[in-house]
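Respectively, the protein sequence lines represent chains A and B. For the first sequence, the positions run 16 to 277 when our numbering is used. For the second sequence, the positions run 109 to 370 when our numbering is used. Even glycine gets a Cβ: it sits at the ideal position worked out from N, Cα and C.
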Amino acid sequence: MATAADIAAKQDRLESDGSVPVLSVTNLMKSFGNRKVLNGLSLSVNRGETLAVLGRSGTGKSVLLRIVIGLEKPDSGAVCIHGHDIAGLSMDELGEFRKKMGFLFQHAALYDSLTVGENVAFPLDHHRRGMAQSEKAERVRQLLAEVGLERDADKMPSDISGGMQKRAGLARALALEPVILLLDEPTAGLDPISSGEIDDLVLKLQREHNMASIVVTHDMYSAKTIANRLAILDKGEVVIEGTFKDLQESNIEFVQEFLSHA
Amino acid sequence: MPVFVIADSAIGLVSDFFEWFGSLGLFFWQVLRAGLTPPYEWRELIRQLDEVGSKSLPLVAMAGASIGAVLSMEARSSLSRFGAKAMLPSAIVYSVVLEMGPIITGLVVSGRVGAGIGAELASMKVTEQIDAIEASAINPYRLLAATRILACILMLPLLTLVADATGLFAGWLTQTIVEPISLRQFINSGFAGATFNSFLPPTFKTAVFGLIVGLIACFQGMRTRGGAEGVGRAATNSVVLSSLFVILADVVLVKFILVFFP
Chain A
16 MATAADIAAK
26 QDRLESDGSV
36 PVLSVTNLMK
46 SFGNRKVLNG
56 LSLSVNRGET
66 LAVLGRSGTG
76 KSVLLRIVIG
86 LEKPDSGAVC
96 IHGHDIAGLS
106 MDELGEFRKK
116 MGFLFQHAAL
126 YDSLTVGENV
136 AFPLDHHRRG
146 MAQSEKAERV
156 RQLLAEVGLE
166 RDADKMPSDI
176 SGGMQKRAGL
186 ARALALEPVI
196 LLLDEPTAGL
206 DPISSGEIDD
216 LVLKLQREHN
226 MASIVVTHDM
236 YSAKTIANRL
246 AILDKGEVVI
256 EGTFKDLQES
266 NIEFVQEFLS
276 HA
Chain B
109 MPVFVIADSA
119 IGLVSDFFEW
129 FGSLGLFFWQ
139 VLRAGLTPPY
149 EWRELIRQLD
159 EVGSKSLPLV
169 AMAGASIGAV
179 LSMEARSSLS
189 RFGAKAMLPS
199 AIVYSVVLEM
209 GPIITGLVVS
219 GRVGAGIGAE
229 LASMKVTEQI
239 DAIEASAINP
249 YRLLAATRIL
259 ACILMLPLLT
269 LVADATGLFA
279 GWLTQTIVEP
289 ISLRQFINSG
299 FAGATFNSFL
309 PPTFKTAVFG
319 LIVGLIACFQ
329 GMRTRGGAEG
339 VGRAATNSVV
349 LSSLFVILAD
359 VVLVKFILVF
369 FP
């Protein structure tokens with residue numbers, strides 16, 4: 016029987032083949048008690064592509080990301096990484112797949128007892144145990160340099176600003192060279208200048224690392240800046256998916272109302 | 109009618125108790141499975157041994173010394189009434205080593221360590237740090253819970269020995285102020301007729317106390333909801349519940365020791 020490591024290796028071969036999307040979710044259903052959050056949601060992302068997911072608060076955007084990374088289980092539906100459904104896997108079975116995904120939480124979720132550098136090194140400490148200390152230190156330095164925090168490695172998360180925390184969170188998310196990047200409201204709570212810096216950083220990282228990315232956001236300007244495609248959710252399903260021009264030209268009333276308030 | 113309201117509340121309480129107990133059992137099973145499966149988190153375990161052990165040492169030593177001094181004063185007064193002052197060293201030794209040292213250590217550690225672990229993990233839960241650990245393909249039950257529980261199990265017997273030592277020393281000091289006796293004489297008299305079998309089971313029963321404190325504190329912390337209020341509730345519940353169960357476990361363990369180690 017194929018192990019999770021075998022399947023992950025097969026994915027790498029398929030990914031360069033381009034024959035299947037890197038990530039696809041099909042007919043996802045999720046309820047919390049009596050409240051239906053996802054109602055048959057389906058979408059997919061290819062390598063090198065950024066999909067922005069927008070919608071009103073409570074339409075299941077963050078729940079979608081949590082289901083993809085396995086922090087929530089869907090009631091039904093499939094989450095496929097290169098065609099392999101991971102929705103029903105246990106925590107241990109998900110391990111190999113999670114190593115291929117980077118997740119930036121809405122508030123960065125940095126480990127507050129570790130320095131910025133130790134936070135970025137955390138995935139390497141656990142998954143690259145054979146890596147030499149000097150090599151690890153150099154990798155952490157490179158990651159921090161990519162996000163503009165090379166001089167802040169020894170600071171504690173409480174000593175840096177919200178924007179810097181997000182950048183540190185991004186660096187940590189990239190530590191294991193993921194093929195999929197999930198960003199939950201990357202510009203939430205930031206001033207316009209810091210938001211712009213995060214957008215530029217995400218664009219730069221996407222160009223350099225060629226990942227399949229899903230960005231959940233309320234920020235239409237940010238979505239237009241960083242995404243190739245946008246999807247708008249309403250009542251737990253995708254109402255429209257396409258470029259910003261496709262959204263503008265849509266005659267769906269909800270979409271026009273959404274864009275008018277963005 | 110008031111009777112129905114009371115009955116309804118009672119049924120609700122009983123139901124909540126069984127739900128809590130069942131969830132605790134499931135949590136324990138998840139921690140056990142994770143803790144017994146590699147890769148082991150040796151570095152985190154060593155860090156926790158320091159947190160639980162060496163940082164609790166001063167408090168446990170002071171508590172043990174206080175108990176020894178109080179026992180010496182109270183026992184002297186009682187034994188004098190029966191003309192049995194010569195039994196004082198034995199009374200202090202047997203009281204401290206068989207019961208007071210272990211239970212005081214258990215309660216002091218459940219207060220200090222239980223609250224600390226409960227608050228720390230609850231804070232990590234509400235700020236999504238535990239989710240971030242899981243999203244990084246690291247098992248939080250192995251990294252956070254198993255290490256803390258094992259540290260409590262290993263450190264409690266050692267801390268009990270410290271409490272016993274300071275209790276006996278303070279007991280001797282208190283007696284020698286009133287009626288001088290050398291420390292050697294006090295120890296020889298106190299331990300006369302005793303064997304290792306008399307003292308080892310009561311000391312090692314504190315490993316069970318450690319399991320209780322660590323398990324309840326980790327459980328309360330990792331299932332916290334509700335922001336700052338939830339963190340406070342987790343810390344309080346960790347102390348209250350672990351103290352209660354340490355006392356209840358002591359009753360069972362003392363009976364067990366009396367039956368199997370007469």
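Residue i by DSSP, collapsed to three states: which one?
i        : result
A/Gly70  : strand
B/Thr314 : helix
A/Asp199 : strand
A/Ala246 : strand
A/Thr232 : coil
B/Gly301 : coil
B/Ile295 : helix
A/Ser59  : strand
A/Glu64  : coil
A/Leu29  : Confidence at A/Leu29 is low in this model, with a pLDDT of 49, below 50, so the placement of that residue should be treated as unreliable; the coordinate-derived value is given next. Of the three classes helix, strand and coil, the one that applies to A/Leu29 here is helix, per DSSP.
A/Leu164 : coil
A/Val35  : coil
A/Arg143 : coil
A/Leu205 : coil
A/Arg50  : strand
A/Ala227 : strand
A/Ala17  : Here A/Ala17 scores only 49 on pLDDT, less than 50, and its place in the model is too uncertain to base an answer on.
B/Thr344 : helix
B/Ile289 : coil
B/Arg331 : coil
B/Ala336 : helix
B/Ala192 : coil
The beta strand (DSSP E) spanning residue i covers which residue range?
i        : result
B/Asp158 : Looking at the DSSP string, B/Asp158 is not in any beta strand (DSSP E), and its letter there is neither H nor E.
A/Phe47  : 38-47
A/Val254 : 252-257
With a 10 Å radius around its C-beta and 16 neighbouring C-beta atoms as the bar for buried, classify residue i as buried or exposed.
i        : result
A/Leu69  : buried
B/Ser290 : exposed
A/Ala147 : exposed
A/Ser105 : exposed
B/Ser351 : buried
A/Ser228 : buried
B/Trp150 : exposed
B/Met232 : buried
A/Thr258 : exposed
B/Lys163 : exposed
B/Phe126 : exposed
B/Gln237 : buried
A/Ile267 : exposed
A/Lys88  : exposed
B/Asn345 : buried
Starting from residue i, follow the alpha helix (DSSP H) in both directions and report where the run begins and ends.
i        : result
B/Ser185 : 165-189
B/Tyr102 : Given a span of 109 to 370 for chain B in the structure shown, any question on residue 102 of chain B remains unanswerable.
A/Pro193 : It is not in any alpha helix (DSSP H) - A/Pro193 carries neither H nor E in the DSSP assignment.
B/Pro370 : Careful: B/Pro370 lies outside any alpha helix (DSSP H) and carries neither H nor E.
A/Ser173 : From DSSP, A/Ser173 is part of no alpha helix (DSSP H); its letter is neither H nor E.
A/Ser265 : Unbroken run through A/Ser265: none, as it is neither H nor E.
A/Met179 : 177-188
B/Glu207 : Element bounds for B/Glu207: n/a, residue is neither H nor E.
B/Ser123 : 110-143
A/Arg6   : Shown here, chain A extends from 16 to 277; a query on residue 6 of chain A therefore has no answer.
B/Ala199 : 196-203
**Asked** Unbroken alpha helix (DSSP H) runs of length 4 or more, entirely within the region 87-134 of chain A: which are they?
**Response** The alpha helix (DSSP H) runs lying completely inside the region 87-134 of chain A and spanning 4 residues or more are 106-113, given in chain order.
**Near-chain A residues of the region 109-138 of chain B (beta-carbon distance less than 7 Å), N- to C-terminal order** = So nothing in the stretch comes that close.
**alpha helix (DSSP H) runs wholly inside the region 212-287 of chain B, at least 4 long, in chain order** = Runs of the alpha helix (DSSP H) spanning 4 or more residues and lying entirely within the region 212-287 of chain B occur at 223-234, 237-243, 255-286, in chain order.
**Asked** For the region 224-239 of chain B, which residues have a beta carbon sitting closer than 7 Å to at least one beta carbon of chain A?
**Response** Those residues of the region 224-239 of chain B that come within reach of chain A (Cβ to Cβ, closer than 7 Å) are Thr235, Glu236, Gln237, Asp239.
**Asked** Of the residues that make up the region 144-176 of chain A, which ones have a beta carbon closer than 9 Å to any beta carbon in chain B?
**Response** Of all residues in the region 144-176 of chain A, Arg144 have a Cβ within less than 9 Å of some Cβ in chain B.
**Asked** Taking a cut of 7 Å between CB atoms, which residues from the region 241-258 of chain B lie near chain A?
**Response** So the list reads Glu242, Ala243, Ser244, Ala245, Ile246, Asn247, given in the order they occur along the chain.
**Message:** Give me the subset of the region 57-87 of chain A whose CB atoms are less than 9 Å from a CB atom of chain B, sorted by chain position.
**Reply:** The residues in question are Arg81, Ile84, Gly85, Leu86.
**Item:** Residues within the region 92-113 of chain A neighbouring chain B, beta-carbon criterion of under 9 Å
**Value:** Within the region 92-113 of chain A, the qualifying residues are Met106, Asp107, Leu109, Gly110, Glu111, Phe112, Arg113.
**Prompt:** Listed from N- to C-terminal order along the chain, which residues in the region 224-243 of chain A have their beta-carbon within a distance smaller than 9 Å of any beta-carbon of chain B?
**Reply:** Taking 9 Å as the Cβ-Cβ cut-off against chain B, none of the residues of the region 224-243 of chain A qualify.
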